[in-house]
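So the protein sequences, as listed, match chains A and B. Quick note: the first sequence uses the numbering used here, first residue 1, plus one each step. Quick note: the second sequence uses the numbering used here, first residue 1001, plus one each step. Report on the following structure.
There are 2 protein chains.
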Amino acid sequence: MSYPQLSFTNTSFAPDSFISKKRNVVFKNTIPYQLKVLRDTGTYDAYKLKWRESYRPDPEHWPVPADFHLFWDSDIAKWIESACYSLHEQKNDEIENAIHELVEMMSTAQRDDGYLNIHYIVVEPEKRFTNLRDMHELYNCGHLIEAALAHHDFFRNNRFLDIMLKYVDLLCKTFGPGVHQKHGYPGHPELELALLRLHAVTGDPKHLALGKYFIEERGNPKGVDGQHYYTWEAAKRGERLYERPATCPARNSYWYQQAHKPIADQTTIEGHSVRAVYLLTGVADLQHKKAGGQDYATALKKLWKNMVEKRMYPTGGIGAIDQWEGFGIDYFLPQSTDEGGCYAETCASIGVMMLAERLLQLEFDSEYADIMELSFYNAVLGGMSCDGKKFSYENQLASSAGKLSERKEWFTCACCPPNVSRLLGSIGGYMWSHKYEPEVREATIRIHMFGSATLSFGVGGDDQVGLTQMSNWPWEGEVKFTLTAPIDVSISIDLRIPGWADEWKITPTPPSTELERGYLNLPTTYLKANPHFVLDIPIKARFLSPHPFTNQNTVTIARGSIIYCIEDADNPWVEDHFKTLLFDSSKSHIKEAQKTDKDTGESYIALIADGGACSFIQMHAKACPGILSGAAKAGNEGSVDELHFVPFYYRANRKGKGQMRVGLRKQ
Amino acid sequence: MSYPQLSFTNTSFAPDSFISKKRNVVFKNTIPYQLKVLRDTGTYDAYKLKWRESYRPDPEHWPVPADFHLFWDSDIAKWIESACYSLHEQKNDEIENAIHELVEMMSTAQRDDGYLNIHYIVVEPEKRFTNLRDMHELYNCGHLIEAALAHHDFFRNNRFLDIMLKYVDLLCKTFGPGVHQKHGYPGHPELELALLRLHAVTGDPKHLALGKYFIEERGNPKGVDGQHYYTWEAAKRGERLYERPATCPARNSYWYQQAHKPIADQTTIEGHSVRAVYLLTGVADLQHKKAGGQDYATALKKLWKNMVEKRMYPTGGIGAIDQWEGFGIDYFLPQSTDEGGCYAETCASIGVMMLAERLLQLEFDSEYADIMELSFYNAVLGGMSCDGKKFSYENQLASSAGKLSERKEWFTCACCPPNVSRLLGSIGGYMWSHKYEPEVREATIRIHMFGSATLSFGVGGDDQVGLTQMSNWPWEGEVKFTLTAPIDVSISIDLRIPGWADEWKITPTPPSTELERGYLNLPTTYLKANPHFVLDIPIKARFLSPHPFTNQNTVTIARGSIIYCIEDADNPWVEDHFKTLLFDSSKSHIKEAQKTDKDTGESYIALIADGGACSFIQMHAKACPGILSGAAKAGNEGSVDELHFVPFYYRANRKGKGQMRVGLRKQ
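Right, here's the structure in full:
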């Protein structure tokens, strides 16, 4: 079983393709920029273990310290991970040296028993492993493992991995079902998926066992002394019954950590959205390894379905509620905070991609790839500016006076920026997957996403299979494929036909055009005869609406993989965040315009709806609890000639007032 | 300045009129029933000050004890108050004896220094006045004062009032700006309005001064030692920074108690809705007395406007959020908990009526009376069953699987049932107001609400003015007035024309039909010539919609003062709480049907919309984050012949499945 974090090296991107340009921004700008930020904030030197004034506790984010140094291990880890991915693409001595220095500092910082964590070594050395619920201690370890795996894969040495193996040894001794072991598990899942990935590299059964333990013990209502582990642990710390972190609307809100019940019993996806999808990525991996003590297929399916059908925005964003950065109830999907919420964290949608990728391996169905593509082009890419130096943590679907559409240079809790980098660094692993069976010299390639890139893999000796796709995706739907393979290797291809494509064509015509779970199988005979074939999907604007139960009576324009929004940069007349704008899709004529913006250098297809489709709410009565039906209606005052739409990912890249909206109110 | 709690005695209701029947249910059923409940729950005997097992603390509602005995003082007080109102109407020895016994027990329970509170005498005697924020100690005192005033007004003795005067003396010594005084104020406002009412009876300046102090000190960010009083007080109690009651989404959520800033600086109505309107009722009274250290007119107007225009349901209900039983952000008005919330507590709408009444005295404008009427006929009357023995605490606008439309026999926190009783007992005081100036023998009557009743008041010696209105309100809009007055008394009448009435007629025609702030002035000359006159408002169904910013794309049927809903009792085919029902008001033909239900005895006008206006959402695509616009559309499957509507107040009175909805999704 492959992991995209390793298999991406089989993919090389054509220069100047859409994804390639985004990757280059990350490699040239983001990774050096983030290194500078790590240095400027002091994060870079944190493994020198010097105490700092900013480590002092501050009441605001209790129990998390105010300067968020609690996340520094993971900030460094994610930077190293993405930097290693970038080195596969282009050499960079400064980056390499920084990686070596960081690993060296970690090595020195590591305690004799293997322990490694900035906060608990410097600030509260006597308190390690006493607050798994809140303190991100094990979460940090998970990211360090992932970084070590990336380091090991690129540098082909064990310098970093050995550090982590020593730390994991300590964890294996510390946590587990044994009488003298702790029966806890990470408050913020991440270590689970990391341990399962580690096991795939080391083959060490105790790495699998620990990952499995963390997953299977989670949510045990009677984990220790007849109590939930977090309840027991909180009492041990001397916490009072009514003390709760700001994220918790009620005491013992363990659904925040997806620990309110055992995972197999969970039927709705709850709580902090990043945690939820990271956790389920690990669970899907465990299921894939058939290593779970029980079957998780049903729970995974239920939770995925609940998320996608009832708790996901049209952009692929998840998480409506600011307080716990996570899911609201079914169908509660306001577009903006002034409508009741919208969080849609960048990291969460990266997690959706990770989960979709695992589920796609578990149950081959294009619905997972559809969501992977949706999240990538919209929620994830939207998390970074065109120049790769500004970020959005939240990806709200509409701005408001209280929360403009804008990007920040950094965040005190800087989880999202390096996460976009590592995702783009390894995106090749998400585009397609392949399997080769040497005994029969048969290979299967599954194509999940489109672009301009080549997949290559060895099939014995110097023999290589190569599959190249060339396209102007996501703007145009013609994808030209070229397959090269040794004559004695049988290849078959499963080609995803996007769920949103209502028309498509393959040339030359394959023997069957019947889809199976959204994929078209191109059999060996066809491919032998047609090593060059073309998929053609007409890409044009389409109108989407959320489920009626969302009470969002809106229409969103999409075009292929891209969700569009409307911004003040192109529609400078706006003053109310497009809140009173009404849009009649039945009357609209959508024109396309190929644009290249001078300032940002971004090339894209803009959409323009003529003004006939647009009007504004005019209140013909004073507002009061019930106004006469029809008193608020469309009027012609203030109408505009054209509405200009740009890709949602491209928002907040140009100067403007920070006004933006995805779903327009239906007339 | 009159108070409806005293002036209601000027009104006598025609038997068998709508309001009279509701009052009789309260007098015959509710008050005896509530007395029985007080006895059964042990509340009645609580002033005997025996410790009980149920007084033990329980963590669930911290710091409020689990059995809610904290509210028993107010339960008793509100029962006495409503019982006294009922005695004005009909003698009842059992009720009288119970009142006397309760007052006697209170007298014995009262401490030597005047203190009186069940919890703090029996359970935590050393802790009185140490948790004003949470413990309802001063709130209870307010209700006891109101009860004592009702007792004093009916029995014409001071037995109860003296107890309260002694207690208030203690409060006057305890609270205030003095160095040795506490600078606190009630966490749950109520005492403020009670002290101002008390002052109107006693004329004692220290009663006014204490009420004023509580209002003006509220929200002082540096009340004690440079700290907010509640912060200071919590520290004194040894509370930790992160301890917070379940109602608070974040620590120091003092907006919950409307104490986040001084009242004059508040611009949006926040927090627990009952507290908000009780507080503002007191503030309006202070403003009316022109006794405030500053002007509250602007703040009152802003907060009222914010509430009515942006935070009120079409039923007159307020409060969308369950966690703090209160207001959400502007325009956040989901109809049901499965849409994100809906609380609309009965007590809160009673408070809206109290506030509207005060504001109407302050600024004569029918917008206050319109809301008073709306709240009364819908949110308030809906809080009690037809037989007066079952209640609803919350008045959601739509049911859901998790929260059916149903009534309960009692509540552990039983604030609403006796509140409806005392409101109906004193409703005559809200219907109209009058002023008589003996020097010039001139009287003004302002008619705010309609029914069948007579207002009588003395104008010197045995002389009486009498104004009778006879109507079949709220079902029919013809109101016949008869005015009787001594020949030398000049009467003028201001007659409210409801904001919802788009047509109306007065016969005989008055000199001017120009409205001033929603009222029609009938001058002395007209009334001398026409002591009999008739107001005729055609009452027919109309369609209401909430403000578009609520994202409630719904239509609600109203008819005159009455808001309608649809219930499974008349529409037994429903299985999804009318969630997929679509209603096209432009296609609907509404028939009226006079009904008298056999089981409940209730007479009302039902509305029937023919089936052509009704369809159901049919999903033509699998649900996913964005579905093709039009994939969820109206279909004809499962259509029904007729939709049956009943008044919202009448819901949950007949057997059924507990399915109900007010606003129907627009087709």
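From the three backbone atoms N, C-alpha and C, an ideal C-beta is built for every residue, glycine too.
In terms of CA proximity to Leu628 (chain A), B:Ala1501 leads the group B:Val1646, B:His1644, B:Ala1501. In the DSSP assignment, Pro1647 (chain B) falls outside any alpha helix (DSSP H) and lies within the beta strand (DSSP E) extending over 1642–1647. Distance from the CA atom of His1143 (chain B) to the CA atom of Met1312 (chain B), rounded to whole angstroms, is 26 Å. DSSP, read as helix, strand or coil, puts Glu1190 (chain B) in coil.
In terms of beta-carbon proximity, Ser1629 (chain B) lines the interface with chain A, with at least one pair separated by less than 8 Å. Those residues of the region 1312–1323 of chain B placed with their C-beta closer than 8 Å to a C-beta in chain A are Met1312, Tyr1313, Pro1314, Thr1315, Gly1316, Gln1323, ordered along the chain. Interface annotation for the region 1050–1076 of chain B against chain A: Pro1059, Trp1062, criterion Cβ-Cβ distance under 7 Å. Contact between the region 1007–1016 of chain B and the region 1026–1034 of chain B is absent: fewer than three C-beta pairs spanning the two stretches fall below 8 Å. Using a CB distance cut-off of 8 Å, Gly612 (chain A) does not count as an interface residue toward chain B.
Its Cα nearest to that of Ala1558 (chain B), the residue B:Pro1474 stands out among B:Pro1474, B:Asn1571, B:Ala1529, B:Pro1523. In the three-state reduction of the DSSP assignment, Glu1514 (chain B) falls in the coil class, being assigned neither a helical nor a strand state. A residue is called buried when at least 16 other Cβ atoms come within 10 angstroms of its Cβ; Arg52 (chain A) does not meet this threshold and is exposed.
For Leu241 (chain A), the residues of chain B that pass the 8 Å Cβ criterion are Pro1059, Trp1062, in the order they occur in the chain. Taking a beta-carbon distance threshold of 8 Å, Asn1553 (chain B) counts as an interface residue toward chain A. Neighbours of Glu1339 (chain B) in chain A, taken as residues at a C-beta separation under 7 Å, are given in chain order as Asn551. Excluding sequence positions up to five before and after Phe481 (chain A), its CB lies within less than 6 Å of the CB of Gln469, Phe533, all in the same chain and listed in chain order.
Per DSSP, Phe214 (chain A) lies in no beta strand (DSSP E); the unbroken alpha helix (DSSP H) holding it starts and ends at 205–217. Look at Gly1282 (chain B) here: in three-state DSSP terms it is helix. Think of a sphere of 9 Å around the beta carbon of Lys1579 (chain B): the chain A residues whose beta carbon falls inside it are Pro548, Phe549, in chain order. For the pair Arg422 (chain A) and Tyr85 (chain A), the CB atoms are nearer than the 8 Å cut-off. An exposed status is given to Thr1108 (chain B), since fewer than 16 other beta-carbon atoms sit within 10 Å of its beta-carbon. If you draw a straight line from the Cα of Val274 (chain A) to the Cα of Tyr139 (chain A), it comes to about 12 Å. In chain order, Gly626, Ile627, Leu628, Ser629, Gly630, Ala631, Ala632 make up the part of chain A whose C-beta sits under 9 Å from the C-beta of Ser1545 (chain B).
With contacts defined by Cβ atoms closer than 8 Å, Gly428 (chain A) and Phe68 (chain A) do not form a contacting pair. Counting only Cβ-Cβ distances below 7 Å, Ser585 (chain A) has contacts in chain B at Ser1629, in chain order. Contact note: Pro1474 (chain B) does not reach chain A at a C-beta cutoff of 9 Å; the least C-beta distance is about 16 Å. Between Gly1293 (chain B) and the set B:Lys1091, B:Leu1208, B:Thr1337, B:Glu1339, the nearest pair of CA atoms involves B:Leu1208. Note: Asn1521 (chain B) is bridge-paired with B:Asp1494 in the DSSP secondary-structure output. In this structure, the straight-line span from the alpha carbon of Glu373 (chain A) to that of Ser20 (chain A) is close to 16 Å. Interface annotation, Phe645 (chain A): not in contact with chain B, CB-CB separation never under 8 Å. Closer than 8 Å to the CB of Ala1401 (chain B) there is not a single CB belonging to chain A. Contact with chain A is absent for Pro1498 (chain B), since none of that chain's Cβ atoms lies less than 8 Å from the residue's Cβ. Interface flag for Phe332 (chain A) against chain B is set, since a Cβ pair is found closer than 8 Å. Here DSSP, grouped into helix, strand and coil, assigns Gly663 (chain A) to coil.
The shortest CA-to-CA distance from Thr600 (chain A) to any of A:Lys389, A:Leu515, A:Val662 is the one to A:Lys389. With a cut-off of 8 Å on Cβ pairs, the region 1278–1287 of chain B is not in contact with the region 1322–1339 of chain B, counting fewer than three such pairs.
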